[in-house]
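Each residue of the sequence shown is one higher than the one before, starting from 1 at the first, in UniProt numbering.
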Amino acid sequence: APAVFTETEFYQRNFDPQGYLKDYYSMSTSREGGSAFMMQNLRSLHKMFSLDGLRGDILIDVGCGPTICQLLSACEHFQEIIALDYTDQNRRELEKWLKNEAGAFDWEPVVKYVCELEGDREKWAEKQEKLRKKVKQVLKCDVTKANPTGPVSLPPADCIVSSLCLESACKDLAAFRSALRNISTLLKPGGHLVMVTALGDTYYTINKQVFSCLCLQKHEVEEAVAAAGFEVKCSEAQPYAVKDDRMDLTGVLGLVARRCPSAS
Ligand code: SAH
1 APAVFTETEF
11 YQRNFDPQGY
21 LKDYYSMSTS
31 REGGSAFMMQ
41 NLRSLHKMFS
51 LDGLRGDILI
61 DVGCGPTICQ
71 LLSACEHFQE
81 IIALDYTDQN
91 RRELEKWLKN
101 EAGAFDWEPV
111 VKYVCELEGD
121 REKWAEKQEK
131 LRKKVKQVLK
141 CDVTKANPTG
151 PVSLPPADCI
161 VSSLCLESAC
171 KDLAAFRSAL
181 RNISTLLKPG
191 GHLVMVTALG
201 DTYYTINKQV
211 FSCLCLQKHE
221 VEEAVAAAGF
231 EVKCSEAQPY
241 AVKDDRMDLT
251 GVLGLVARRC
261 PSAS
């Protein structure tokens, strides 16, 4: 049965960053499907950030959670990164890794995998340092607000990356459409949006705690992106066939769109 919608405040109270990292971002796991979900997303991000035009000064990560995987390919193409998330404990967990603090999640196997995709596994330590230097701010945001960063105004970005956030934050397709409009205000006209979106998924769990997910189809995401003032450049759905007790996902969409140059 579809989960009851989990409100933004529910994330603040119940999202366990370390549980999430352990359940979804460990390379070594005995779970059926193992790290297939993560590796599929990493390959999709690698491919999207290799496209022409995906470079510039400022990249904003919307709904970063406690994770860096959505930044590993991206960090090669942008000078400065700003990471945004609603939940305090997720931003704190990310900061822990950025500052190399004791108890931070070990991303090393994941970084090595992405370096391998990029052609040189040996560059992992260098990439970690590069990413740590490039993330300049980790700030609170709420994608359901017209001005997602509240009183803080950020320099307009050349690119937004958002992985698995809007489908968690939005109750229905109307909310999803308006969240896309909201985050598009963070982007320069002509700037790019890179999204990883769960398809056909109604819930996911962290340590048995259930979170709702907006069940989306490929064409719904594409139409919502276009309606928010973007031109879809590339949209590729990968089926997810693994029997997985963490969620009921049927596929993952990798989408790149460009904010129309005339958008205001
Ligand atoms: N991008 C990460 C985390 C996805 S989990 C990854 O790819 O794994 C979903 C994230 O969305 C959580 O970190 C949660 O705090 C965030 N989130 C939920 N509602 C939000 C909202 N209204 N505004 C901003 N972020 C939100």
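Using N, Cα and C, we set each Cβ at its ideal position, and we do this for glycine too.
Since this is a predicted model, take the numbers as computed values, not measurements.
In DSSP terms, what residue i is bridged to
i    : result
H192 : C159, R258
M247 : Y204
K140 : D85
A198 : V252
C234 : V256
E80  : I58
Continuous alpha helix (DSSP H) stretch holding residue i: start and end
i    : result
I183 : 173 to 184
Q128 : 124 to 134
V114 : 108 to 117
D23  : 17 to 24
Of the listed residues the options, nearest to residue i (C-alpha basis)
i    : options                : result
G63  : L94, P156, H192, K127  : L94
L21  : E236, N100, P155, C69  : C69
D57  : E220, F49, E80, W124   : E80
G254 : F10, D158, S44         : S44
C165 : S262, A83, D23         : A83
C234 : Y240, V221, D245, D244 : V221
Q134 : F78, W107, K188, D120  : Looking at the sequence shown, residue 134 is not Gln but Lys. Residue F78 is the option with its Cα nearest to K134.
D244 : S35, D142, G229        : S35
R246 : F10, T8, G19, V4       : G19
E76  : K96, H46, T67          : H46
A74  : G190, V110, I60, L249  : I60
K140 : T205, G65, R259        : G65
F176 : F37, D142, L98         : D142
E231 : R258, V242, Q238       : R258
Q128 : D106, K145, V138       : D106
T6   : A125, F37, Q209, W97   : Q209
As assigned by DSSP and simplified to three states, the class of residue i
i    : result
S168 : helix
P239 : strand
V152 : coil
Q217 : coil
L72  : coil
L187 : strand
F105 : coil
E7   : coil
S44  : helix
M39  : helix
L51  : coil
A224 : helix
K96  : helix
N14  : helix
N90  : helix
Beta strand (DSSP E) segment containing residue i, residue limits
i    : result
D57  : 56 to 62
Q209 : 209 to 212
beta-carbon residue i near the ligand FAD non-hydrogen atom, thresh 7 Å
i   : result
F49 : Although the ligand FAD was asked about, the structure shown includes only the ligand SAH as ligands.
Checklist entry - Are the stretch 161 to 177 and the stretch 211 to 221 touching, with three or more C-beta to C-beta distances below 8 Å? => result Inter-segment contact for the stretch 161 to 177 and the stretch 211 to 221 is present: three or more beta-carbon pairs are separated by less than 8 Å.
Next on the checklist: Assess contact between the stretch 139 to 155 and the stretch 44 to 53, defined as three or more Cβ pairs (one per stretch) separated by less than 8 Å. Is contact present?
Outcome noted: no
Next on the checklist: With three or more beta-carbon pairs closer than 8 Å as the criterion, would you say the stretch 173 to 185 touches the stretch 11 to 28?
Outcome noted: no
Item to check | Cβ pair count under 8 Å reaching 3, the stretch 192 to 203 against the stretch 83 to 94 | outcome: no
Next on the checklist: Could you check whether the stretch 94 to 114 touches the stretch 156 to 163, counting it as contact only if at least three pairs of C-beta atoms, one from each stretch, sit closer than 8 Å?
Outcome noted: The stretch 94 to 114, when compared against the stretch 156 to 163, does not touch it at the 8 Å Cβ threshold.
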